[in-house]
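This report concerns only the one structure given below.
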Ligand code: UN1
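Numbering (this note's numbering), first residue to last: 12 to 509.
Encoded structure:
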């Protein structure tokens, strides 16, 4: 086998080795004998270099007209379209999810590129009347400066694109640390930007681990804002650190998303949605459906069809087109899933499908787990409260729509939610009463589109949104401008004309 390729950090427009002299291996989660690449294990000094490069680049980039900045993003979208298949294959190799999903991940970056490129000719502010005569008032969106970004491994190109593209169109520069499990997809994304004509230093990549490479980004005094996607546990540490230096900080964290299925639902449709919502991306989405809250009249039929479909899913390497579900990302995730399956059993939930690691033959070299369903779940069980981030769903029987909504709302999280019903009145009550950032009617909890705000409430997020104009709100700051053309001193709130 050819020796694994070495990938470098991208700082100030150059590919450079880490000053730590250390590297790490990125392994294929479907077969850990396959080394996807050797990456830089960066430290504080690399972050210092990257932030300095971003700070210097900002002085020019902020003056490039937004429509011109946007043209580079648009071209990157075109380049990603040409390279979609190659980048999807790289992504499956490092992340594990099946090809049709990694193609979707690259597509999500392409969609984000086109949406954000359009923003280059909008970035709307506001002009408003002044309370004084012969005075003009407006609010402008202006760039922030250097933004620090810390990205997760489950959407290794889409999520970095949600962060980088809006930051660039707003005139910010950035330093991004991709997840240590999936650095190649961020490198591929940035390659598209480089080939589209991105000036040096505008985007900088520092690969490595959270404590050594992530923390110095968060704490660097010249980093003016932070965008993080990952666990609520790490988000709390980052949020507290950012608060100490008053940095705006966008946190996108965990979920324990429910699909409600009412008696009147189209059950086959609900089952299809539950299978995709629970086992798409091997359950490793923050939007994954991990709780099915099912009304008693629909329960038996739903549960039997759901279990039957889960058992029929083919679990295998994502590069094999015949696989429906790929491996988990790493040993730690497999351990977590295994642990929660034991917890579910000890809590008295009934295993209706799966429950085991798949490690026979070649699969012994990967992190495969069966699609797993617990029945007879109860809302307060740990398997129904805590984020597992694996292919495990718990079905909870309920009496009414009111009880279903209460259970859907009864966790620390609030990202996505769904309800299957043919009753428009109940659907609208769910839209009003479910406490989450996203609600789907007759569709599963996953599959957000890039031009709508993405994010959640409670322990899922701290009020910011990615996607769509939510992202523009985060990556720009407001400047209010008053132009007084009266040629005399006019005092607001005082010269009231009374
Ligand atoms: C995530 O789960 O971390 O809505 C992001 C979705 C995808 C994005 C998921 N478009 O499921």
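Glycine residues also receive a C-beta, built at the ideal position from the N, C-alpha and C atoms.
Buried or exposed for residue i, going by 16 or more other Cβ atoms inside 10 Å?
i           : result
residue 255 : exposed
residue 80  : buried
residue 385 : buried
residue 472 : buried
residue 502 : exposed
residue 38  : buried
residue 423 : exposed
residue 507 : exposed
residue 232 : exposed
residue 428 : buried
residue 489 : exposed
residue 436 : exposed
residue 99  : buried
residue 152 : buried
residue 342 : exposed
residue 134 : buried
residue 132 : exposed
residue 367 : exposed
residue 351 : buried
residue 40  : buried
residue 77  : buried
residue 476 : buried
What distance in whole Å lies between the Cβ atoms of residue j and residue i, which are believed to be in contact at a cut-off of 8 Å?
i           : j           : result
residue 120 : residue 172 : 4 Å
residue 302 : residue 267 : 6 Å
residue 289 : residue 404 : 4 Å
residue 241 : residue 163 : 5 Å
residue 406 : residue 314 : 6 Å
residue 205 : residue 430 : Residue 205 to residue 430, Cβ: 44 Å. No contact.
residue 455 : residue 300 : 6 Å
residue 123 : residue 461 : 5 Å
residue 514 : residue 483 : The first residue shown for the chain is 12 and the last is 509, placing residue 514 beyond what the model contains.
residue 433 : residue 275 : 5 Å
residue 360 : residue 388 : 5 Å
residue 51  : residue 219 : 7 Å
residue 258 : residue 286 : No, residue 258 and residue 286 are not in contact; Cβ-Cβ is about 41 Å, not under 8 Å.
residue 245 : residue 221 : 7 Å
Name the residue from the options whose alpha carbon lies nearest to the alpha carbon of residue i.
i           : options               : result
residue 84  : 125, 312, 76 and 112  : 125
residue 1   : 444, 13, 87 and 257   : Within the shown structure, residues of the chain are numbered from 12 to 509, placing residue 1 beyond reach of any answer.
residue 146 : 200, 509, 498 and 508 : 498
residue 57  : 27, 88 and 69         : 27
residue 14  : 414, 234 and 36       : 36
residue 203 : 280, 91 and 180       : 91
residue 64  : 184, 122 and 47       : 184
residue 493 : 60, 436 and 148       : 148
residue 191 : 369, 18, 450 and 464  : 18
residue 304 : 395, 261, 244 and 378 : 395
residue 382 : 292, 441, 372 and 477 : 292
residue 411 : 142, 62, 309 and 466  : 309
residue 186 : 343, 220 and 158      : 158
residue 71  : 29, 213 and 347       : 213
residue 480 : 335, 62, 320 and 136  : 136
residue 140 : 509, 500 and 491      : 491
residue 97  : 196, 500 and 485      : 196
residue 510 : 328, 277, 344 and 333 : A query on residue 510 cannot be resolved here, the shown segment of the chain reaching from 12 to 509 and no further.
residue 252 : 263, 226 and 273      : 226
residue 370 : 328, 273 and 353      : 328
residue 400 : 170, 298 and 198      : 298
Which first and last residues belong to the alpha helix (DSSP H) in which residue i is found?
i           : result
residue 202 : 194-206
Could you pull the start and end residues of the beta strand (DSSP E) that residue i belongs to?
i           : result
residue 289 : Unbroken run through residue 289 is the alpha helix (DSSP H), 278-290; no beta strand (DSSP E).
residue 181 : Run containing residue 181: none in the beta strand (DSSP E); it sits in the alpha helix (DSSP H), 169-181.
residue 146 : 146-154
residue 29  : Where residue 29 is concerned, there is no enclosing beta strand (DSSP E), given that its DSSP letter is neither H nor E.
residue 300 : 300-306
residue 21  : 20-22
residue 184 : 184-188
residue 514 : Outside the shown range of the chain (12 to 509) lies residue 514, about which nothing can therefore be said.
residue 17  : Segment: none, residue 17 is in no beta strand (DSSP E) and carries neither H nor E.
residue 161 : 157-161
residue 40  : From DSSP, residue 40 is part of no beta strand (DSSP E); its letter is neither H nor E.
residue 137 : 137-140
Give a single yes or no on whether residue i has its beta carbon closer than 7 Å to a heavy atom of the ligand MG.
i           : result
residue 354 : You won't find the ligand MG in this model; what it holds is the ligand UN1.
So within the region 311-341, which uninterrupted alpha helix (DSSP H) runs reach at least 4 residues, ignoring any that extend past its ends?
Runs found: none.
Only counting runs of 3 or more residues, tell me where the beta strand (DSSP E) segments fall wholly within the region 423-487, in order along the chain.
-> For the region 423-487, whole beta strand (DSSP E) runs of length 3 or above, ordered along the chain, are 427-431 and 449-452.
Within the region 336-416, ranges of the alpha helix (DSSP H) (whole runs, at least 4 residues)
Whole alpha helix (DSSP H) segments, 4+ residues: 342-357.
**Message:** Which complete alpha helix (DSSP H) runs does the region 48-126 hold, if anything under 4 residues is left out?
**Reply:** Here the runs fully enclosed are 55-72, 77-93 and 95-106.
field: Entirely enclosed alpha helix (DSSP H) segments - the region 206-256, minimum 4 residues
entry: Scanning the region 206-256 from its first residue to its last, the whole alpha helix (DSSP H) runs of 4-plus residues come out as 226-230 and 243-255.
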